[in-house]
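Okay, structure first, notes after.
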Ligand code: SF4
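Residue numbers (the numbering used here): -10 to 336.
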């Protein structure tokens, strides 16, 4: 019998071709060329994560008691997440309506700056399918591969001309924009990028984590937006930024007509609770519920939780905000989910 294909819940691409082949009664082989998926499935399926307080593994009951103590007397609780499934997003909004929590998205400074530039300048976006079918040049900026390891495969990048930039700063981007506008070859440091962009009929710009140098993120993202509008006078140029919090943004917009704020660079409020795994470089929280425990540097207390799409059925909006994807449970369990544990901790 062919192995059952599964939708991966571990990044906003939500690849639907992961096969999980039983190797023994208790173990499965995760058959996909993606280190992020293998780590996620292995941890979630093995149930190997234990509750933790500071540096010590403890019982879940003890960590839950500590969680309640952390939240007691803190007034409105600040909750951050990189993104959740649909049901969790709805329940978070309900808790926020009851004025018990404030939700924020765990964005990087770079991502938050891009979102702000788009809200001011507007931009042209596209779906994964559009990029795969139509783009002839793909320009990745920042760390796309660790955030969404199979993105290149999903857009058939090997059939396109690909250029890559590390974190962009304002001045090099201004020089590149000048070369494009004046139809000149550019400098030694940017002439290959200039030539590729100038030759594109359909340019897809893909923004990864830290696409812009943090201290210049606002100016750089605004300039990139202007470059894209300029290019669109003579060809098609779009931006694809896969968003792990696409579900939360969609639910908040539908239910409240508002945007979800970002914690990026805002150290005024401490994070009491983080739901799900922290991203590299993100601020510390008092406690983390669910996701992968990355240690005390990221949260003083860790409470493991059921994973949507592994232990429970769920639904999520894909990171390009175009389709809703079912996340089917592989081994349904009665272990509590992160939102159930949060509701329990709030009392
Ligand atoms: S790229 Fe993302 S969704 Fe696809 S298999 Fe890897 S972690 Fe899962």
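Idealized CB from N, CA, C, for every residue including glycine.
Just verifying my parser: in three-state terms, what is the DSSP assignment at residue i?
i           : result
residue 284 : coil
residue 129 : strand
residue 237 : helix
residue 104 : helix
residue 145 : coil
residue 67  : strand
residue 222 : coil
residue 211 : helix
residue 3   : coil
residue 183 : helix
residue 277 : strand
Verify whether the separation of the beta carbon atoms of residue i and residue j is less than 8 Å.
i           : j           : result
residue 78  : residue 236 : yes
residue 11  : residue 232 : no
residue 80  : residue 328 : yes
residue 59  : residue 276 : yes
residue 154 : residue 137 : no
residue 102 : residue 206 : yes
residue 94  : residue 294 : no
residue 19  : residue 5   : no
residue 86  : residue 68  : no
residue 332 : residue 211 : no
Closest to residue i by C-alpha separation, out of the options, would be which residue?
i           : options            : result
residue 290 : 165, 42, 239, 200  : 42
residue 303 : 131, 319, 310      : 319
residue 248 : 65, 276, 298, 82   : 82
residue 71  : 140, 278, 221      : 278
residue 323 : 299, 60, 171, 285  : 299
residue 201 : 261, 56, 162       : 162
residue 57  : 325, 271, 261      : 261
residue 17  : 107, 309, 33       : 33
residue 325 : 309, 336, 297, 305 : 297
residue 238 : 142, 217, 305      : 305
residue 53  : 40, 141, 208       : 40
residue 285 : 44, 117, 268       : 44
residue 22  : 8, 204, 98         : 8
Sequence-ordered residues whose beta carbon comes within less than 6 Å of a heavy atom of the ligand SF4: Qualifying residues come out as -3, -1, 0, 2, 3, 4, 7, 21, 23, 25, 26, 137, 138, 139.
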